[in-house]
Amino acid sequence: MATAGDITGVVLSGGGARATYQIGALRGVARILGRNARSPFPVITGTSAGAINAAALAAHADCFRDGIARLTRLWRSMEVGNVYKADFRTVSAHGMHWLAAVLTGRRGPRRAASMFDNSPLRTLLRRELDRGSIAAKLDSGHLRALAINATSYTTGHAVTFYQGLPTILPWQRTRRRGEPATIGVDHLLASTAIPFIFPAARLGDDYYADGSMRQIAPLSPALHLGAQRILVIAVGQFWGQTPPRSGPARYPSFAQVAGHALSSIFLDNLGADLERLQRINQVLRLVPREQQLRHREFTHVDALVLYPSRDLGELATHYRDRLPAGARYLLRGLGSTEGSGANLLSYLLFDRQYCRELLALGYADALARSDEIQAFLSGDTAGFLPLFPSVLLR
278 MATAGDITGV VLSGGGARAT YQIGALRGVA RILGRNARSP FPVITGTSAG AINAAALAAH
338 ADCFRDGIAR LTRLWRSMEV GNVYKADFRT VSAHGMHWLA AVLTGRRGPR RAASMFDNSP
398 LRTLLRRELD RGSIAAKLDS GHLRALAINA TSYTTGHAVT FYQGLPTILP WQRTRRRGEP
458 ATIGVDHLLA STAIPFIFPA ARLGDDYYAD GSMRQIAPLS PALHLGAQRI LVIAVGQFWG
518 QTPPRSGPAR YPSFAQVAGH ALSSIFLDNL GADLERLQRI NQVLRLVPRE QQLRHREFTH
578 VDALVLYPSR DLGELATHYR DRLPAGARYL LRGLGSTEGS GANLLSYLLF DRQYCRELLA
638 LGYADALARS DEIQAFLSGD TAGFLPLFPS VLLR
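Counting in this note's numbering, the sequence shown runs from 278 upward without gaps.
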């Protein structure tokens, strides 16, 4: 059993526009903790869009509520044009460059091997990220470590770039490693580079893709950085979608295939890692307490998982007409406006109205579990529910 003095980490998974839900949930956590509470998360890890949230939280580690307030303002005013170019002319030209590269076998112009041009995101991140603040929070003791996850196109390894205390050592595991770094805009662009949708990002001599692609152990970075209990904020429902009530299944559209692929990237490994953690905890309960104390490398790790109470894909369909013309026509043609194809839409719908809906949902979901959250953050293992509904672990 973990204790109140153990280090608590927060894991922010990927999910494009769905990452807005995480800030709503964290706003609920801030409300539960009270106005004068310190940040409960000295270890912060993020992947894909969750990496943007993680970096902003780390930059405000000395005042948790201020960091949440800044992120709330950012997501409440979000527009598609802040993240990628979605006008009809740009989308058409970008698509033609990509198609020409495919048909001719050439590499094509730089940044063409993707559905969208996300150069506006670099501008947004440069404006929002204060790199010096992260180092200052480490020096002041308000932060232990920030980790951003990406995937190397050269090696296929999951790479965790971390900025933390000097006592934290790099690590090497099967197809994954941790490297110390000074986290900057390029790390965030690398972590958010969803394959085929956004272009690869260059760091040093390598190119990187979205950190969720090869992240077979999403909880591992937080543990390597010293966390002994973890709050995980996912952006999807682990038990899948509700099938149609009647009628035969229709042949899947491109958007439906792509949506399921993205859900697999963002959720499946996380779900598997959480199940693995739960099984290890069950085994450790059979080990005498004195043996556990002598072997601290094998220790019980508490985890609390927050996830949406509603299907975010279905929710996105109510705002599909708010997409700019170029993106709207492209995604409609791919079949993203109905059924499970809406998953693809939900990852790309960086619209203020949709984001405000996600903020409200995350906030409500957190407050609905306020007793569990209070118990978890206070170190009361018995005070919160298991990681998943029991029906999933039969």
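Glycine included, each C-beta is placed from N, C-alpha and C at the ideal position.
Query, Result
"Reference Ala346; option with closest CA among Arg312, Val360, Val320", "Arg312"
"Under 7 angstroms between C-beta atoms of Gly301 and Ala326", "no"
"Which of helix, strand or coil DSSP assigns to Thr576", "coil"
"For Tyr298 and Arg633, the rounded distance between their alpha carbons", "9 angstroms"
"Whole alpha helix (DSSP H) elements within the region 416-492, 4-residue minimum", "462-468"
"Environment of Pro476 [buried if 16+ CB atoms lie within 10 Å]", "buried"
"Those runs of the alpha helix (DSSP H) which lie wholly inside the region 562-642 and span at least 4 residues", "566-571, 589-593, 602-611, 619-625"
"Status (buried if at least 16 other CB within 10 Å, exposed otherwise) for Ile411", "buried"
"Whole-angstrom distance between Ser647 and His419, CA atom to CA atom", "24 angstroms"
"Member of Asp283, Asp394, Pro397, Leu406 whose CA lies at the smallest distance from the CA of Asn330", "Leu406"
"Euclidean distance between Cα positions of Thr400 and Val564", "52 angstroms"
"Straight-line gap, Arg609 to Met392 (C-alpha atoms, nearest Å)", "14 angstroms"
"Closest Cα partner of Ala336 within the set Ala413, Gln492, Pro601", "Ala413"
"CB of Ile510 within 7 angstroms of CB of Leu583, strictly", "yes"
"Counted within 10 angstroms of its Cβ, other Cβ atoms place Pro498 as buried (16 or more) or exposed", "buried"
"Per-residue DSSP class, three states only, for Ile284", "coil"
"Rounded Cβ spacing between Arg452 and Gly433 (contact assumed at less than 8 angstroms)", "7 angstroms"
"Three or more C-beta pairs below 8 angstroms linking the region 530-539 and the region 457-470", "no"
"Cβ neighbours of Arg342 in the same chain (closer than 6 angstroms, five flanking residues each side left out)", "Ala307"
"Neighbour-count burial assignment, Thr444, 16 or more Cβ in a 10 Å radius", "exposed"
"CB-CB length for Thr658 against Asp579, believed under 8 angstroms", "6 angstroms"
"Counterpart residues of Leu406 in DSSP-defined beta bridges", "None; Leu406 has no bridge partner."
"Alpha carbon of Phe531 to alpha carbon of Gly590, nearest angstrom", "15 angstroms"
"Residues that DSSP places opposite Val509 in a beta bridge", "Val288, Val582"
"Limits of the unbroken alpha helix (DSSP H) element including Gly305", "297-310"
"Nearest-angstrom beta carbon gap, Leu423 and Ile460 [assumed within contact, 8 angstroms]", "6 angstroms"
"For Val227, the three-state DSSP class (helix, strand or coil)", "Summary: the structure shown does not reach residue 227, with the chain confined to residues 278 through 671, and so no result is reported for it."
"Beta-carbon contacts of Ala504 that lie in its chain and below 6 angstroms, excluding the five residues immediately before and after", "Ile284, Gly286, Val320"
"Asn620 beta carbon near the ligand FAD (any heavy atom closer than 6 angstroms)", "Absence of the ligand FAD from the depicted structure is noted, as is the absence of any ligand whatsoever, leaving it without description."
"N- and C-terminal bounds of the alpha helix (DSSP H) containing His227", "The chain is shown from 278 up to 671; residue 227 falls before or after that span and cannot be answered."
"Outcome for Ile493 when other beta-carbon atoms lying within 10 angstroms are tallied against a minimum of 16", "exposed"
"Whole-Å CB distance - Lys362 paired with Pro397, under 8 angstroms assumed", "6 angstroms"
"Length of the line joining the Cα atoms of Arg527 and Gly612", "12 angstroms"
"Residue from Arg366, Ser468, Arg587, Gly656 whose Cα sits closest to the Cα of Gly513", "Arg587"
"Chain-order list of residues whose beta-carbon lies under 7 angstroms from that of Arg629 (same chain, five-residue window excluded)", "Arg353, Ser354, Met355, Glu356"
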